[in-house]
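Q: Numbering (the numbering used here), first residue to last: 484 to 584. All C-beta atoms, glycine included, are put in the ideal place defined by N, C-alpha and C. Model, not experiment: these values are computed from the prediction.
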């Protein structure tokens, strides 16, 4: 465990060393500066009252997702059980056929 922690410490130190050494124009151009959104962006981000009736409510969506997950698990379990029972029945039939011969 200590070895893993030492590796991450060494890696972060190397990363910070190399980032400090790269103060060229390329690394400066990659920096992102915070820019306030303009009027158009604010208008696009504003809530539209005409679309409010189409929004789903989070508790209902969460409940529906949970029901879907449960149904998926039930269907997969049923399929696995069906495959298992058919395999067991086939094996028993094979044993009976071998016993008769």
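Which residue comes first and which comes last in the alpha helix (DSSP H) that contains residue 538?
A: Looking at the DSSP string, residue 538 is not in any alpha helix (DSSP H), and its letter there is neither H nor E.
Q: Closer than 7 Å: is that where the CB of residue 515 sits relative to any heavy atom of the ligand SAM?
A: Because no ligand of any kind appears in the structure shown, any question about the ligand SAM cannot be addressed here.
Q: Roughly how many angstroms separate the alpha carbons of residue 573 and residue 559, rounded to a whole number?
A: If I take the Cα positions, the gap works out to 21 Å.
Q: How far does the alpha helix (DSSP H) with residue 530 in it reach, from first residue to last?
A: Segment: none, residue 530 is in no alpha helix (DSSP H) and carries neither H nor E.
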